[in-house]
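This note's numbering puts the first residue of the sequence shown at 30, with every later residue one more than the last.
Glycine residues also receive a C-beta, built at the ideal position from the N, C-alpha and C atoms.
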Amino acid sequence: MTSPDRRIIGVAPFHASGTLRGFVISGRWPDTTKEWAQLLAFTVRVASTPGLLDTSTVFCVREELPDDPHEGTVGIVVSEGPVIGDHAVTPERFALHQPAALMMLHPPSETMPTLPECAGAASGCVLLPGLPHLGLDHRAAWVEAEADGTVTSMISRVGLDPISHPDTAVLAMLLAA
């Protein structure tokens, strides 16, 4: 992902024991809602790989560097845990430090595709929390993609009410605690 006069945004997935654990971000962080939607599209394409993501999972943007980072690494997007179940992410996880963004990725087994011919597509959402009382709107994007990389749906919104969509409602609830 790149703008003509900007450094590119590099994204590299990482896994442990065959399960998607996150993404290393290099170059720079996305600046705009459009760039965050493009980053989400890449992550959803990865999540559509059969068996890589077992259940709907919350990922958190962290500006900290991984151990022994490559030159140009700016941070990571790391799995915080599943949305539901025994090891589900709890709201107090983000009480001390609100991240710049949260993502939720859904594997194909938990995605209802927008088109019937897109069975096997994964989906996801990124929420960029704002401060509406200061005039900084909440922003979000939703993407659906197939394992072959085809993006079958992409939507971005600025100024949304987080409770207007189930994914943003869950992510906003996690951030509000």
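Using the rule of at least 16 other Cβ atoms within 10 Å of the residue's Cβ for burial, across every protein chain shown, is Gln67 buried or exposed? So Gln67 counts as buried.
Assuming Leu204 contacts Leu131 under a Cβ cut-off of 8 Å, what Cβ separation, rounded to an integer in Å, is found between them? 7 Å between Cβ atoms; contact.
Own chain, CB closer than 6 Å to Thr140, minus 5 neighbours either side, in chain order: The beta carbon of Thr140 sits closer than 6 Å to those of Ala150, Ala151 and Ser152, all from its chain and outside the five residues before and after it, given in chain order.
Which value, in whole angstroms, describes the spacing of the CA atoms of Pro145 and Arg36? The alpha-carbon atoms of Pro145 and Arg36 are separated by roughly 38 Å.
Residue from Glu121, Arg74, Gly39 and Ile113 whose Cα sits closest to the Cα of Leu49: Residue Arg74 holds the alpha-carbon nearest to the alpha-carbon of Leu49 among Glu121, Arg74, Gly39 and Ile113.
Skipping 5 residues on each side, what residues in its chain have a beta carbon closer than 8 Å to that of Gly101? Counting only Cβ-Cβ distances below 8 Å, and skipping sequence neighbours, we find Gly39, Ser55 and Gly56.
Select from Ala169, Gly178, Asp196 and His167 the residue whose C-alpha is nearest the C-alpha of Cys147. Residue Gly178 is the option with its Cα nearest to Cys147.
Tell me which residues share the same chain as Ser108 and place their Cβ nearer than 6 Å to its Cβ, disregarding the 5 neighbours each side in the sequence. So the qualifying residues of the chain are Arg50, Gly51, Thr86 and Phe88.
Cβ distance (whole Å) where Met183 is taken to contact Ala76 below 8 Å: Cβ-Cβ separation between Met183 and Ala76: approximately 15 Å, too far for a contact (criterion under 8 Å).
Alpha carbon of Phe123 to alpha carbon of Val90, nearest angstrom: For Phe123 and Val90, the distance between alpha carbons rounds to 11 Å.
Using a Cβ-Cβ distance cut-off of 8 Å, determine whether His194 contacts chain D. No chain D appears in the structure shown, which is made up of a single protein chain.
For Thr143, the nearest candidate out of Leu189, Val172 and Leu156 (CA to CA): Taking only the C-alpha atoms, the option nearest Thr143 is Val172.
What residue does the alpha helix (DSSP H) around Trp65 start on, and which one ends it? Thr62 to Ala76 is the extent of the alpha helix (DSSP H) around Trp65.
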